[in-house]
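K.L.:
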Ligand SMILES: Nc1ncnc2c1ncn2[C@@H]1O[C@H](COP(=O)(O)OP(=O)(O)OP(=O)(O)O)[C@@H](O)[C@H]1O
Ligand SMILES: [Mg+2]
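Residue numbers (my numbering), protein chains in the order written: chain A, 1 to 334; chain B, 1001 to 1309; chain C, 2001 to 2421.
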């Protein structure tokens, strides 16, 4: 067992671009569910809009990268409107059904043979990130960077790391500002009881739509980071698993807490990497025999843990790490 | 608290204005703020509301009474846009309201409360109050991000909320979660919050239900206050003593229709009203309901608790 | 509570671990894409014919089996060329149209793409639009029944408990996988396997309600929290299935590659016909249960108004428990039916769950009969849509229908508006 490697991996992954992607996705979800009470189970679709918007614009239409970013944002807003218009007037669980379906549809479209020319089919799209990094990245694009136990494969990763955390800081600041304002008060009121808010003269439908778009755009930022950090987009990266991870992260950190998704993402990826790397190490060095667990099955264990974690958290600690006991006591009455 | 003299005066004015009104269902009022015509709502085969014509006098306290399941709450829902009627028109202050969304109805000055109190649990009492204020600059997304644009208005709203909270004796609960209030306190909060909208007419669905007798007196006082401030009040209540105490006019519903109208003293003696109440109380015992329940279609829910939250 | 959850998990693990020893198989090509076909000449299978499937960077040749069936697992979705080596054909068998030898096919995950070679000298008429329509309509009814079996249970559970059960798909999968276990691994009689599998799932439904959902209801857990719990449970079970069953799609031992019977222009296999008949029978029994039995009526009363039902002496918890057993059993049969035509797969339930939701929503969530009607409509729409759109995108059609229905009639076909205030 190579504990040094495992621990270094754990620390690195806790703050690496992958954690950033899920953190941004969870910040968006937090706006949806934590603050507004919208059951969005299709967050992956918003990330896909960002990632594909950027990749397709740059590779297929030869647009500059910043225009690709704008295309991604516009697509996200359009998706939010398309999802919201039919469902936001309806019972909460309809949104869950429609979003989960929409995310699946987006992925099916992206990996379809029919649209292979534009969307790249199941192989996805590469080669759109070069212009972005070569015009912006101040670091050496080939050289690996190491800071103590933290390791970055090359300058691009380090650059994405910095940009990602800057995005998280900005996103959190905006969420914090929005939620302490009268706008946020209406949003939180809707979460508690939308009919009451309606009876006070607020256009609930419009606010829910704004929240859906807002959270979607935050998720879309995660999509940009995902695409650029991998230097490729792949349809199966935007499967519903991404959404489940983001949910777990949000609830782990504490819903309706600005810091919840950040703490949640770091702990989640840290723990997950620790478990997965330990298992991988154990199977590779035959501490766990092949007949019980093969190395290629470690990924499956990871998903089982996520499912189990989501269940147990929701049952035993729905307020997460940062949550408020007092608020929880109120929940139980409903 | 306005002094006793004006209180008596306002009631006298209202009573005088209503004195000449005929005591028949759908009677015309001298100065109606709300006029409804042919409002009908059916749930499957059940006609929950079928109001041919009704007018509500401006500046008066009108009570809407009737046995359980008479359709009072449904009528409230229809008037305020929370439910869509199968048929009918109604005007508020001369404005056609059929098909208008609930939040627009509220902004026009007709604000309602709910029979099952809707306190916003995980918001504090003061936040609940502030939510009621209309025309807030900080309620648009972009301005929300610039606190400078709404801070001043927020301070004014806070001050106004605090005054109301003090009036409703909730000032000590200012920073508690609304979910931690008692049932009666929630009723008070919901009423105070409705007043933050600055309504011309308030519609209270059983404001006294579940409130302890000591608090009832102060609630009654608050409702009378509303009239003193020139507001119109329409409220649903089952306790006849309270109805008699504060209302200027009483409208009785039975099986969806308006069956009688009149001043509180007279309407209680109306034979149609007595029949309506006795009629429904006669044949409704829970044991019987259970029997018919198993053999055939379940009966329509008629109890207050009869819904899933 | 905590102990009960752990007990549940152990129980589930134990149940599925049964299959571990015998069921473990090497991980297969993860794409799930495959291409397959049956070689039949004049009603008789044609064995030992070489078929080559190729694309850039991929070539594989297989021989048709004794039943004429051949299948190639593909590394990824895409367009493939399929050709038949005419020299390997038995004497007297020729392609009816030799120019139709080198065929191209689109393959993607899920159902194998099928390629048919036609033999004999007679010219084969191309299918008319009407024939195609009727064939797809029949497929749609069959698929609609699959959805309906699951949808009725989902709807009943929603109606009586308010839970939107996102783990319902796993009950579907479990039905197929347990049948696979009895039928293929243990090589028991197929019908016994089906019955046993239904029993297993009924037990799981009972147990799931008893040790997970009932305690949650007791604690007053909110509906949204329960919904999230069901999602977590779904993810967990799905990957337990993957862990044990592996990633491939596998067929039952019995009735594999059964040949179609022509009814007019419509081609159906006997197994699907019988499966559909049993599905209809099960649905009729459910309807009878709901309409005529005391417990069924009580379940409708609970859906209508739990508080009133319980105050009028109905044992609400017992009704809910029975509904869970029923729902799980129906879902399991749905999975078996689906696996008979498409093969069993660890994620099959999840992949049709959305369509089940579409059916249930279309019919008005919470009404069993609505779910039945809605599901049939969804099934038929999905199949018919392939007349106009590429089959790989056919589920998109169902979602669009769902959204349109939500816009026009949010309470569904047979549902009822909710009460305010
Ligand atoms: N959404 C609904 N679906 C079906 N029936 C309904 C619905 N809402 C109300 N009803 C029925 O309409 C009738 C009138 O109900 P409503 O709530 O208006 O009575 P109410 O006069 O307010 O009674 P209470 O004094 O008990 O509050 C009742 O029989 C009720 O069961
Ligand atoms: Mg009522």
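Idealized CB from N, CA, C, for every residue including glycine.
1. In the DSSP assignment, the beta strand (DSSP E) including residue 257/A goes from what residue to what residue?
2. Using 7 Å as the limit for Cβ to Cβ distance, is residue 319/A near chain B?
3. For the 8 Å Cβ check, are there 3 or more pairs between the segment 1030 to 1037 of chain B and the segment 1237 to 1247 of chain B?
4. Measuring from the CB of residue 1118/B, is there a heavy atom of ligand 2 at a distance below 6 Å?
5. Indicate whether the contact test is met: 3 or more Cβ pairs, each with one atom in the segment 1221 to 1237 of chain B and one in the segment 1258 to 1265 of chain B, closer than 8 Å.
6. With H, G and I counted as helix, E and B as strand and the rest as coil, what does DSSP make of residue 1262/B?
7. Between which two residues does the alpha helix (DSSP H) harbouring residue 2159/C extend?
8. From the DSSP secondary-structure annotation, give me the bridge partner or partners of residue 151/A.
9. So is residue 1282/B buried or exposed if we call it buried at 16+ other beta carbons inside 10 Å?
10. With residue 104/A and residue 240/A assumed to form a contact (beta carbons below 8 Å), what rounded beta-carbon distance in angstroms separates them?
11. Using beta-carbon positions only, say whether residue 25/A and residue 238/A come within less than 7 Å of one another.
12. Would you say the beta carbon of residue 1043/B comes nearer than 6 Å to a heavy atom of ligand 1?
13. With three or more C-beta pairs closer than 8 Å as the rule, is the segment 1146 to 1164 of chain B touching the segment 212 to 232 of chain A?
14. Determine the closest residue to residue 306/A out of 141/A, 64/A, 265/A and 235/A, with distance taken between C-alpha atoms.
15. Would you kindly work out how many angstroms separate the C-alpha atoms of residue 2102/C and residue 230/A, rounded to a whole number?
16. List the endpoints of the continuous alpha helix (DSSP H) containing residue 2288/C.
17. Just to make sure I have the definition right: I need the residues of chain C whose C-beta is within less than 9 Å of the C-beta of residue 300/A. Which are they?
18. At a cut-off of 6 Å, is residue 1216/B close to ligand 2 when judged by its beta-carbon and the heavy atoms of the ligand?
19. Which residue or residues does DSSP assign as beta-bridge partners of residue 1047/B?
20. Which chain B residues are close to residue 193/A, counting only those with a beta carbon under 7 Å from its beta carbon?
21. Does residue 2078/C have its Cβ less than 7 Å from a Cβ in chain A?
22. Using a Cβ-Cβ cutoff of 7 Å, what residues of the segment 2151 to 2176 of chain C are near chain A? List them in chain order.
23. Quick one: list the residues of chain C neighbouring residue 311/A, beta-carbon separation under 7 Å, in chain order.
24. Can you tell me which residues form a DSSP beta bridge with residue 1089/B?
25. Output the distance between the C-alpha atoms of residue 195/A and residue 188/A, rounded to the nearest integer angstrom.
26. Which runs of the beta strand (DSSP E), 3 residues or longer, sit entirely within the segment 115 to 191 of chain A?
27. Could you tell me if residue 2218/C is buried or exposed, where buried requires 16 or more neighbouring beta carbons within 10 angstroms of its beta carbon?
28. Since residue 2202/C and residue 2329/C are thought to touch, with beta carbons under 8 Å apart, how far apart are those beta carbons, to the nearest angstrom?
29. With a CB to CB cut of under 7 Å and the five nearest residues on each side skipped, what residues in its chain are close to residue 281/A?
30. Does the separation of the CB atoms of residue 2151/C and residue 2371/C fall below 7 Å?
31. Among 201/A, 64/A, 198/A and 91/A, which has the Cα closest to the Cα of residue 134/A?
32. Is the Cβ of residue 1244/B closer than 7 Å to any Cβ of chain A?
33. Going by beta carbon distance, what residues of the same chain come within less than 6 Å of residue 1102/B, once the five residues before and after it are set aside?
34. Does any residue of chain B bring its CB to less than 7 Å from the CB of residue 201/A?
35. Between the segment 91 to 113 of chain A and chain C, which residues of the former have CB atoms less than 9 Å from a CB of the latter, in chain order?
36. By Cβ distance, which residues of its chain are closer than 7 Å to residue 1189/B, with the 5 residues on each side in sequence left out?
P.N.:
Taking the structure as given:
1. In the first chain, counting from the first residue as 1, residue 257/A sits at position 257. First-last for residue 257/A: undefined, no H or E at that position.
2. Working through the first chain from its first residue, we reach residue 319/A at position 319. With 7 Å as the cut-off, residue 319/A does not count as an interface residue toward chain B.
3. Per the Cβ contact rule, the segment 1030 to 1037 of chain B is not in contact with the segment 1237 to 1247 of chain B (fewer than 3 Cβ pairs under 8 Å).
4. Numbered from its first residue, the second chain carries residue 1118/B at position 118. The nearest non-hydrogen atom of ligand 2 is 6 Å or more from the C-beta of residue 1118/B.
5. Here the segment 1221 to 1237 of chain B does not lie against the segment 1258 to 1265 of chain B, with fewer than 3 beta-carbon pairs under 8 Å apart.
6. Start at 1 with the first residue of the second chain, and residue 1262/B comes out as number 262. Strand.
7. Reading the third chain from its first residue, position 159 is the one you call residue 2159/C. Residue 2159/C -> alpha helix (DSSP H) spans 2129 to 2161.
8. The count along the first chain starts at 1 and reaches residue 151/A at position 151. Residue 151/A pairs with 146/A.
9. Position 282 of the second chain, counted from the start, is the residue given in the question as residue 1282/B. In this prediction, residue 1282/B has a pLDDT of 45, which is less than 50 and means its spatial position is unreliable; what the coordinates show is noted afterwards. Residue 1282/B should be labelled exposed.
10. For the purposes of this step, residue 104/A is identified with residue 104 of the first chain, where counting begins at 1. For the purposes of this step, residue 240/A is identified with residue 240 of the first chain, where counting begins at 1. Residue 104/A to residue 240/A, Cβ: 7 Å. Contact.
11. Indexing the first chain from 1 puts residue 25/A at position 25. Indexing the first chain from 1 puts residue 238/A at position 238. Not in contact: residue 25/A and residue 238/A (Cβ atoms no closer than 7 Å).
12. For the purposes of this step, residue 1043/B is taken as residue 43 along the second chain, with counting starting at 1. Using a cutoff of 6 Å, the CB of residue 1043/B counts as near ligand 1, since one of the ligand's heavy atoms is closer than that.
13. Touching, no, given that fewer than three Cβ pairs across the two stretches are closer than 8 Å.
14. For this step, residue 306/A is matched to residue 306 along the first chain. Each of 141/A, 64/A, 265/A and 235/A was checked against the Cα of residue 306/A, and the nearest Cα belongs to 265/A.
15. Along the third chain, one-based indexing puts residue 2102/C at 102. Along the first chain, one-based indexing puts residue 230/A at 230. Note on geometry: alpha-carbon atoms of residue 2102/C and residue 230/A lie some 39 Å from one another.
16. Here residue 2288/C refers to the residue found at position 288 when the third chain is read from its first residue. That run of the alpha helix (DSSP H) goes 2270 to 2292.
17. For the purposes of this step, residue 300/A is taken as the residue at position 300 of the first chain. Neighbours of residue 300/A on chain C, chain order: 2239, 2240, 2242 and 2243.
18. In the second chain, the residue the question calls residue 1216/B occupies position 216. Placement of the Cβ of residue 1216/B at a distance of 6 Å or more from every heavy atom of ligand 2 is found.
19. In the second chain, the residue the question calls residue 1047/B occupies position 47. Answer by DSSP bridge pairing, in chain order: 1042/B.
20. Within the first chain, numbered from 1, the residue matching residue 193/A stands at position 193. Below the 7 Å Cβ cutoff, chain B contributes 1118 and 1120 as neighbours of residue 193/A, in chain order.
21. The sequence position of residue 2078/C within the third chain is 78, counting from 1. Residue 2078/C counts as touching chain A.
22. Listed in sequence order: 2164.
23. Taking the first residue of the first chain as 1, we reach residue 311/A at position 311. Listed by position along chain C, the residues whose Cβ is nearer than 7 Å to that of residue 311/A are 2229, 2232, 2233 and 2236.
24. Within the second chain, numbered from 1, the residue matching residue 1089/B stands at position 89. Residue pairing for residue 1089/B: DSSP places it in a beta bridge opposite 1037/B.
25. Reading the first chain from its first residue, position 195 is the one you call residue 195/A. Reading the first chain from its first residue, position 188 is the one you call residue 188/A. Between residue 195/A and residue 188/A, the C-alpha separation is close to 13 Å.
26. As for any beta strand (DSSP E) of minimum length 3 sitting wholly inside the segment 115 to 191 of chain A, the runs are 145 to 147 and 150 to 152, ordered along the chain.
27. By one-based count along the third chain, residue 2218/C stands at place 218. Counting Cβ neighbours within 10 Å, residue 2218/C comes out exposed, since fewer than 16 surround it.
28. Translated into positions along the third chain, residue 2202/C becomes position 202. Translated into positions along the third chain, residue 2329/C becomes position 329. About 5 Å separates the two Cβ atoms, so the contact holds.
29. Indexing the first chain from 1 puts residue 281/A at position 281. For residue 281/A, where only same-chain residues beyond five positions count, the Cβ hits under 7 Å are 1, 2 and 6.
30. In the third chain, residue 2151/C corresponds to position 151, counting from 1. In the third chain, residue 2371/C corresponds to position 371, counting from 1. Between residue 2151/C and residue 2371/C, the CB-CB gap stays under 7 Å.
31. Looking up residue 134/A in the first chain gives position 134. Ranking the options by Cα distance to residue 134/A, first place goes to 64/A.
32. Counting from 1 along the second chain, the entry for residue 1244/B is found at position 244. No, no contact with chain A.
33. Here the question's residue 1102/B lines up with position 102 in the second chain. Closer than 6 Å at the Cβ level, and outside the excluded window around residue 1102/B, lie 1080, 1081 and 1082.
34. Translated into the one-based positions of the first chain, residue 201/A becomes position 201. Residue contact check for residue 201/A against chain B: a CB pair falls below 7 Å.
35. So the list reads 91, 92, 93, 94, 96, 97, 98, 100, 101, 102, 104, 105, 108, 109, 111, 112 and 113, given in the order they occur along the chain.
36. As a working note, residue 1189/B is residue 189 in the second chain. 1119, 1125, 1128, 1170, 1178 and 1181.
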